[in-house]
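Colleague: Numbering (the working numbering), first residue to last: 110 to 409. Built from N, CA and C at the ideal position, the CB exists for glycine as well.
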Amino acid sequence: MPQSRYWSKPLGKRILILDIDTRMPNGTNELFGKKPMEWATHESKGGGLVSNAIMDHYLYAQIHGYDYKYVHAQQMDGYHVTWILPHILASLLPDYDFVLALDSDVTATQMDVPLEWLFNRWNITSQTSIAMPWDTLEERPDTHQILSQDSKGNQVLNTGFVLVQNLPFTFDMLQAWSECPTEKRYKGCGHWKKNWSHEQRAFSEFIRYDFNPQGDNIVPIACDDAMSWPGAVDERPGPYRLLNDCQGRFFRHHTWHKERPREEFQDSAMQLLTRLLQERVKQNVDTILIEESKGQLGRR
């Protein structure tokens with residue numbers, strides 16, 4: 110349990126869990142398709158990956174009483190697809206205290222852990238505008254190039270998990286982030302308009318250095334809490350290798366092996382159901398359990 114108890118009451122519908130994607134999962138065996146989905150043949154790719162994300166994130170929201178939305182976004186001409194994030198966050202945030210945007214390859218590891226508890230763990234304060242996890246550290250062994258660092262050598266933040274709070278300062282930040290590639294304010298940001306890692310690198314390269322005056326306006330979340338998954342170090346395809354073994358203790362981000370979100374959703378949902386059923390059975394043990402006495406086997 111976190112030592113700080115700043116967030117002590119459930120926020121309910123004041124929190125929005127948000128999925129944003131340009132893909133509409135309305136094909137065969139997809140969530141918005143015409144026919145009922147079949148789990149046995151469900152695949153975690155394309156619209157199936159988006160379907161999996163919606164089910165996972167919607168279930169998490171329902172468990173804790175949060176609101177949930179899926180935004181079928183329009184492609185931005187001349188921009189990489191992930192640049193839809195800043196302006197959509199800004200458009201929905203006025204109606205909530207917090208908005209948590211999750212990539213389609215992110216799954217909730219522990220469905221029963223509420224965000225309010227995690228806010229305390231992560232030291233989210235009343236003046237925190239945005240929080241993201243540290244990215245995994247990836248190196249190219251032949252050149253020792255670190256992929257997850259900005260030009261200053263600082264580790265980047267990962268935008269697959271973005272929490273924003275409804276504050277005036279947050280909207281200034283989101284506007285600067287959204288407009289970054291225009292280079293009206295940040296010379297060189299146009300490079301990240303289409304080049305990897307797009308809006309993620311733009312935020313870490315420019316925005317974070319201008320929008321953290323109190324030190325907790327931008328809060329980094331431990332990589333171990335919301336990035337990667339157990340075994341990722343051994344599964345990283347070449348030519349890169351992972352230098353840190355982040356476990357995704359509360360949320361797992363599957364930046365490769367996109368088939369894994371299906372398995373993770375299944376495991377986390379069944380783990381939750383197992384706990385609930387065990388608790389319910391034990392609560393009603395007096396009406397469920399019959400202990401047969403010795404010597405009574407086979408007697409009526």
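#1: Where DSSP assigns a beta bridge to SER337, which residues make up the other side?
#2: Considering just the uninterrupted stretch of the beta strand (DSSP E) at ASP128, what are its terminal residues?
#3: What first and last residue would you give for the beta strand (DSSP E) that runs through ALA210?
#4: Could you check how far apart the C-beta atoms of PHE270 and PRO242 are, in whole angstroms? I think they sit under 8 Å.
#5: Only counting the same chain, and skipping five residues up and downstream in sequence, which positions put a Cβ closer than 8 Å to that of TRP76?
#6: Kindly list the residues whose CB is nearer than 7 Å to the CB of MET110, restricted to its own chain and excluding five residues on each side of it in sequence; keep chain order.
#7: Which whole runs of the beta strand (DSSP E) in the segment 352–396 are 3 residues long or more, in chain order?
#8: Looking only at its chain, what residues have a beta carbon closer than 8 Å to the beta carbon of GLU247, apart from the 5 residues adjacent to it on each side?
#9: When the Cα atoms are used, what is the spatial distance from THR237 to TRP116?
#10: Can you give the Cα-Cα distance for ILE327 and LYS296, rounded to whole angstroms?
#11: Leaving aside the five residues before and after PRO290 along the sequence, list all residues of the same chain whose C-beta is less than 6 Å from its C-beta, in chain order.
#12: Classify TRP365: buried if its beta carbon has 16 or more other beta carbons within 10 angstroms, exposed otherwise.
#13: Check whether the Cβ atoms of LEU125 and TYR179 sit closer than 9 Å, and answer yes or no.
#14: Measuring alpha carbon to alpha carbon, tell me which residue in GLY324, PRO329, PHE320, ARG358 is nearest TRP338.
Modeller: Straight from the coordinates:
#1: When beta bridges are read from the DSSP output, SER337 appears opposite HIS362.
#2: Following the DSSP letters along the chain, one finds ASP128 inside the beta strand (DSSP E) bounded by residues 124–130.
#3: That run of the beta strand (DSSP E) goes 207–211.
#4: Contact flag correct, Cβ pair sits at about 6 Å.
#5: Nothing about residue 76 can be reported from this structure: the residues present for the chain run from 110 to 409 only.
#6: Confidence at MET110 is low in this model, with a pLDDT of 47, below 50, so the placement of that residue should be treated as unreliable; the coordinate-derived value is given next. Excluding residues within five positions, none has a Cβ falling inside 7 Å.
#7: Runs of the beta strand (DSSP E) inside the segment 352–396: 360–362.
#8: Excluding residues up to 5 positions away in sequence, ILE255, LEU256, SER257, ARG345, TYR349, ARG350, LEU351, LEU352 lie with their Cβ nearer than 8 Å to the Cβ of GLU247 in the same chain.
#9: Here the alpha carbons of TRP116 and THR237 stand approximately 13 Å from one another.
#10: Taking the Cα positions, ILE327 is about 22 Å away from LYS296.
#11: Excluding its 5 nearest sequence neighbours in each direction, PRO290 has C-beta neighbours in its own chain below 6 Å: CYS298, GLY299, LYS302, listed in chain order.
#12: Exposed, since its Cβ has fewer than 16 Cβ neighbours within 10 Å.
#13: Against a cut-off of 9 Å, the Cβ pair of TYR179 and LEU125 comes out as no contact.
#14: That would be ARG358, whose Cα lies nearest to the Cα of TRP338.
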